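*Asks:* Each position in the sequence shown, counted from 1, maps to that position plus 40 in my numbering. Beta carbons: idealized from backbone N, C-alpha and C, even for Gly. Note that the coordinates shown come from a computational prediction; the quantities given were computed from them, not determined experimentally. Sharing a structure below in structure tokens format, with a few things to ask.
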Amino acid sequence: MDDNRLVELTKQLIEYPSYHFQSSIRVVNFLDSYLLDETDRDAEIDLINNLDGSGQNIPCLYAKNKEEMPEKPTVLLLGHLDVVPADTPQFTPCINGSRLYGRGAGDMKAGVAVATQLFIEHYKELNLQLLMTTDEETGGKYGTKIVSKMLNPDFVITLEPSDLKICTKQKGALAIEIEAHGPGGHASRPWKSTNAVDILIDMYNRLREFFPDLDTELWTNTMNVGAIVGGTVKAEKDRILFGGANIIAAKASMKLDLRLTDNMSHTEAINIIKKNAADIGYKLKGRSDSLGLIDNCYKILVNEPSVIADHLITSEKDTFVRQLMESYRFCLGEEAELYSGPSASDARFFSKRGIPTVVFGPISVNQHGENEYVEIPSIIDTYRVLDTFLSTVKRD
41 MDDNRLVELT KQLIEYPSYH FQSSIRVVNF LDSYLLDETD RDAEIDLINN LDGSGQNIPC
101 LYAKNKEEMP EKPTVLLLGH LDVVPADTPQ FTPCINGSRL YGRGAGDMKA GVAVATQLFI
161 EHYKELNLQL LMTTDEETGG KYGTKIVSKM LNPDFVITLE PSDLKICTKQ KGALAIEIEA
221 HGPGGHASRP WKSTNAVDIL IDMYNRLREF FPDLDTELWT NTMNVGAIVG GTVKAEKDRI
281 LFGGANIIAA KASMKLDLRL TDNMSHTEAI NIIKKNAADI GYKLKGRSDS LGLIDNCYKI
341 LVNEPSVIAD HLITSEKDTF VRQLMESYRF CLGEEAELYS GPSASDARFF SKRGIPTVVF
401 GPISVNQHGE NEYVEIPSII DTYRVLDTFL STVKRD
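Quick look at the structure:
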């Protein structure tokens, strides 16, 4: 395989600003045409359109060999073509030394290019499947979640960037919003009313006891405050035009992103939040009574989660994982590092069904950032390892 083909295909994919519907259709159609040409129309390639909640099509591409081989294992190569939004210049790929820059270079146009070329090379040798979706960045609800229920592979490899480590675990995710409501009042008399923002700060500090702040990567439960808004504020172009500094905030909201290891379920995390909200509410009720206010003038609302993502859990002793490690050792001359990752991916939909699934992909930096890039040698190494794996993989 010509290494330049991987780089050129990655560059072509980067040029599609596939964070919106029309461009997602175009990049899927491009990949469809590419596969049809490269396989001489000898593979079975399907374009799947699932409707999201607003009635918009979410295009996916699924490919497999036409002739099933019962004696051979079924391996699925999984990826996504969508990216997070970016300014137009970021969709012009640029090479600087060993780095290929561009929106989605690492997450995950390089992985898509590798998976595509691997499918072209190996689809006649085993039961090889390729699934590319366009809604991973928004939760995968209408792509992998739906299509995965129709598939039953023996092993799944998601080619998300993993720094050439074999990721067998990924944290679950929970996105949830908490609201605080109070009676408000004049800022000169703070003893008469508890500020809604202060209520959420109290909530935040209580939750930090369960989800500590970190200064290094650890396999532990974490919490991030993505947004906190309160009071009467009008903002435009990231600039506050006016705000009620002399008003005790009567309402505030806080959006949390929790990343959960396999020692905490989503239900347990939600119960921790609700228990602390109830404790604060009880304290505020006492304040209401002492000031002669009505009991319900303070409210803390824990809204339904907007995102619940399952964990990825695959045994390090799984036969396919061990074979992948052997391929890594053979190609790169060193032991593969097994890794537990902090982020969630569409791999979770297969893991939830008990199908062994890993994440393995190139080295990437600044994913979702302005200077996102992928290390070109690591694209080649990803291909080499998986090429060897697919050439030798077998059932026990």
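1) Compute the distance between the beta-carbons of LYS295 and ALA317, then report whether it is under 7 Å.
2) Candidates ASP194, GLY394, THR178 and SER385: which alpha carbon is nearest ASP92's?
3) Can you list, in chain order, the residues of its chain whose CB lies under 6 Å from that of ARG435, leaving out five sequence neighbours each side?
4) To which residues of the same chain is VAL123 closer than 6 Å at the C-beta, ignoring the five residues directly before and after it?
5) Less than 6 Å between C-beta atoms, sequence neighbours within five positions excluded: which residues of the same chain meet that for VAL425?
6) Output the boundary residues of the alpha helix (DSSP H) element that contains GLY151.
7) What does the alpha-carbon distance come out to for the pair ALA126 and LYS291?
8) Within 7 Å (strictly less), CB to CB, does LEU191 reach chain C?
9) As a quick exercise: from THR260, GLU48, TYR322 and SER64, pick the residue whose alpha carbon is nearest that of THR174.
10) What's the C-alpha gap between GLN363 and PHE250?
11) Would DSSP call ILE395 helix, strand or coil?
12) Which residues mark the beginning and the end of the beta strand (DSSP E) in which CYS134 is found?
13) To which residues does DSSP link THR114 through a beta bridge?
14) Can you name the residues that DSSP bridges to LYS295?
15) Where does ASP147 land, buried or exposed, given buried means 16+ other C-beta within 10 angstroms?
16) Just reading off the alpha helix (DSSP H) that CYS371 is part of, what are its end residues?
17) Alpha helix (DSSP H) containing GLU48: first to last residue?
18) Within 8 Å, do at least three Cβ pairs link the segment 95-115 to the segment 128-138?
*Replies:* Here's the rundown:
1) Numbered from its first residue, the sequence shown carries residue 295 at position 255. Numbered from its first residue, the sequence shown carries residue 317 at position 277. No, the pair does not count as a contact, with Cβ atoms beyond the cut-off.
2) Indexing the sequence shown from 1 puts residue 92 at position 52. If we check each option's Cα against that of ASP92, THR178 comes out closest.
3) As a working note, residue 435 is residue 395 in the sequence shown. PRO113, listed in sequence order.
4) Translated into positions along the sequence shown, residue 123 becomes position 83. Only SER58, TYR59, ARG143 and GLY144 meet the Cβ criterion.
5) For the purposes of this step, residue 425 is taken as the residue at position 385 of the sequence shown. Correct list, in chain order: SER367, TYR368 and CYS371.
6) If you number the sequence shown from 1, residue 151 lands on position 111. Where GLY151 is concerned, the enclosing alpha helix (DSSP H) stretches over 150-162.
7) Position 86 of the sequence shown, counted from the start, is the residue given in the question as residue 126. Position 251 of the sequence shown, counted from the start, is the residue given in the question as residue 291. Going by the C-alpha atoms only, they are around 32 Å apart.
8) Of the protein chains in this structure there is only one, and it is not chain C.
9) What you label residue 174 is simply residue 134 of the sequence shown in a count that begins at 1. The shortest C-alpha separation from THR174 is found at SER64.
10) Position 323 of the sequence shown, counted from the first residue, corresponds to residue 363. Position 210 of the sequence shown, counted from the first residue, corresponds to residue 250. Roughly 38 Å separates the two Cα atoms.
11) Here residue 395 corresponds to residue number 355 of the sequence shown, with the count starting at 1. Three-state DSSP puts ILE395 in coil, outside helix and strand.
12) Indexing the sequence shown from 1 puts residue 134 at position 94. CYS134 -> beta strand (DSSP E) spans 134-136.
13) Residue mapping note: residue 114 aligns to position 74 of the sequence shown, counting from 1. BP columns for THR114 point to ASN167.
14) Locating residue 295 in the sequence shown gives position 255, where the first residue counts as 1. Paired residues: GLU217 and ALA267.
15) In the sequence shown, the residue the question calls residue 147 occupies position 107. With 16 or more other Cβ atoms within 10 Å, it is buried.
16) Translated into the one-based positions of the sequence shown, residue 371 becomes position 331. Taken as a continuous stretch (DSSP letters only), the alpha helix (DSSP H) holding CYS371 covers 359-372.
17) Counting from one through the sequence shown, the residue named residue 48 turns up at place 8. From DSSP, the alpha helix (DSSP H) with GLU48 extends over 43-54.
18) Too few Cβ pairs lie closer than 8 Å, so no.
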